[in-house]
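Trainee: Note that the protein sequences, when read in sequence, are chains A and B. Take 69 as the starting number for the first sequence in our numbering and just add one per residue. Take 1279 as the starting number for the second sequence in our numbering and just add one per residue. Got a structure for you, written out below as C-alpha cells; questions coming shortly.
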Amino acid sequence: AQTVTQSQPEMSVQEAETVTLSCTYDTSESDYYLFWYKQPPSRQMILVIRQEAYKQQNATENRFSVNFQKAAKSFSLKISDSQLGDAAMYFCAYLWSGNTPLVFGKGTRLSVIA
Amino acid sequence: ETGVTQSPTHLIKTRGQQVTLRCSSQSGHNTVSWYQQALGQGPQFIFQYYREEENGRGNFPPRFSGLQFPNYSSELNVNALELDDSALYLCASSLVQGAGKETQYFGPGTRLLVL
C-alpha cells in the first residue's frame, strides 16, 4: 500500500525568508501525481501545487516550488518570501489514479514569525 | 473558492444517533470522495462515488454509507454514532475521465461532535 510520510510535525520561518517542508512516499507505481495542500485554521483544504510523476521538471506556482526526486521518492515544498498568510497545516498527498483515493501524510504545521 | 460546498458547517449529535452530511460538487465534476479528518491528523479516505456508484471504500464500517445524485451532489450518512466519529468530514470533487489522474478540490468541511 502507498504511504506518505511527513517527518516534520512543526516548522517555523521568519517573514520574507524561505522554508522547505519535507515529504517522502512509498509506491511501486511509476505514474502518479503528488500534491501539496494547505489547510489554514478555516479548515478548507486548498491545493498549493501538483506534480506529475512522468514530468522531470519540478512544478512551480509563484512563491511555491517543489523538489521532486522520483528515485528517492522525495517531494519537498519550498516556500519563498514567506508571508503571514502562509501559516497553516501543509499536507503532502499521493494519487495513483483518478478513481483511487488521495493518500495523505500527517501534516506539517507551519508558523510564520513577523 | 473551489466551488465545492458542504452543509452543515457544524453539527452536534449524541451517541447512537444518525447524521447526514451533504456535499455539492464543483460544476462539471462527476466524482465525489469523502474523507474523515480527526484532530491533528491527515484526512482518511471513507469512500468515493463515481457517476452515482460507490467506486472504492476505505477501512470504515458499514454504518458509514453514502449516495451520489444525478447532479453529482452527494450525501454521507453515519448510523449509530460513536464518540470516535467526532471529526472534520471533508468532501472533494473531481472530474474523472478514463485513466486520468484528476485533482481533487475540497469543500470547507463539516465539523461533527458526538457527545
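Even glycine gets a Cβ: it sits at the ideal position worked out from N, Cα and C.
Give a yes or no on whether 8 Å exceeds the smallest Cβ distance from residue 115 (chain A) to chain B.
Mentor: Residue numbering aside, residue 115 (chain A) sits at position 47 when the first sequence is read from its first letter. Answer yes: the Cβ-Cβ gap between residue 115 (chain A) and chain B drops below 8 Å somewhere.
Trainee: How would you call residue 1311 (chain B), buried or exposed, if buried means at least 16 neighbouring beta carbons within 10 angstroms?
Mentor: Residue mapping note: residue 1311 (chain B) aligns to position 33 of the second sequence, counting from 1. Buried: at least 16 other Cβ atoms inside 10 Å.
Trainee: Determine, for residue 167 (chain A), whether the minimum Cβ-Cβ distance to residues of chain B falls below 8 Å.
Mentor: For this step, residue 167 (chain A) is matched to residue 99 along the first sequence. It does; some Cβ of chain B falls within 8 Å.
Trainee: Spatial neighbours of residue 137 (chain A) within its chain, please: C-beta separation below 7 Å, excluding the five flanking residues on both sides.
Mentor: The residue given as residue 137 (chain A) occupies position 69 in the first sequence. There are no such residues.
Trainee: Can you tell me which of A:144, A:182, A:168 puts its alpha carbon nearest to the alpha carbon of residue 76 (chain A)?
Mentor: Position 8 of the first sequence holds residue 76 (chain A). Taking only the C-alpha atoms, the option nearest residue 76 (chain A) is A:144.
Trainee: Less than 8 Å separating the beta-carbons of residue 173 (chain A) and residue 91 (chain A)?
Mentor: Here residue 173 (chain A) refers to the residue found at position 105 when the first sequence is read from its first residue. Here residue 91 (chain A) refers to the residue found at position 23 when the first sequence is read from its first residue. Contact: yes.
Trainee: Which residues does DSSP list as the beta-bridge partners of residue 1363 (chain B)?
Mentor: Locating residue 1363 (chain B) in the second sequence gives position 85, counting from the first residue. Answer is none; residue 1363 (chain B) lacks a bridge partner.
Trainee: Quick check: residue 1294 (chain B) and residue 1358 (chain B), are their CB atoms within less than 8 Å of each other?
Mentor: The residue you call residue 1294 (chain B) lines up with position 16 of the second sequence. The residue you call residue 1358 (chain B) lines up with position 80 of the second sequence. In contact: residue 1294 (chain B) and residue 1358 (chain B) (Cβ atoms closer than 8 Å).
Trainee: Between the stretch 1302 to 1316 of chain B and the stretch 1363 to 1374 of chain B, are three or more C-beta pairs nearer than 8 Å?
Mentor: Yes, since at least three Cβ pairs between the stretch 1302 to 1316 of chain B and the stretch 1363 to 1374 of chain B fall closer than 8 Å, the two stretches touch.
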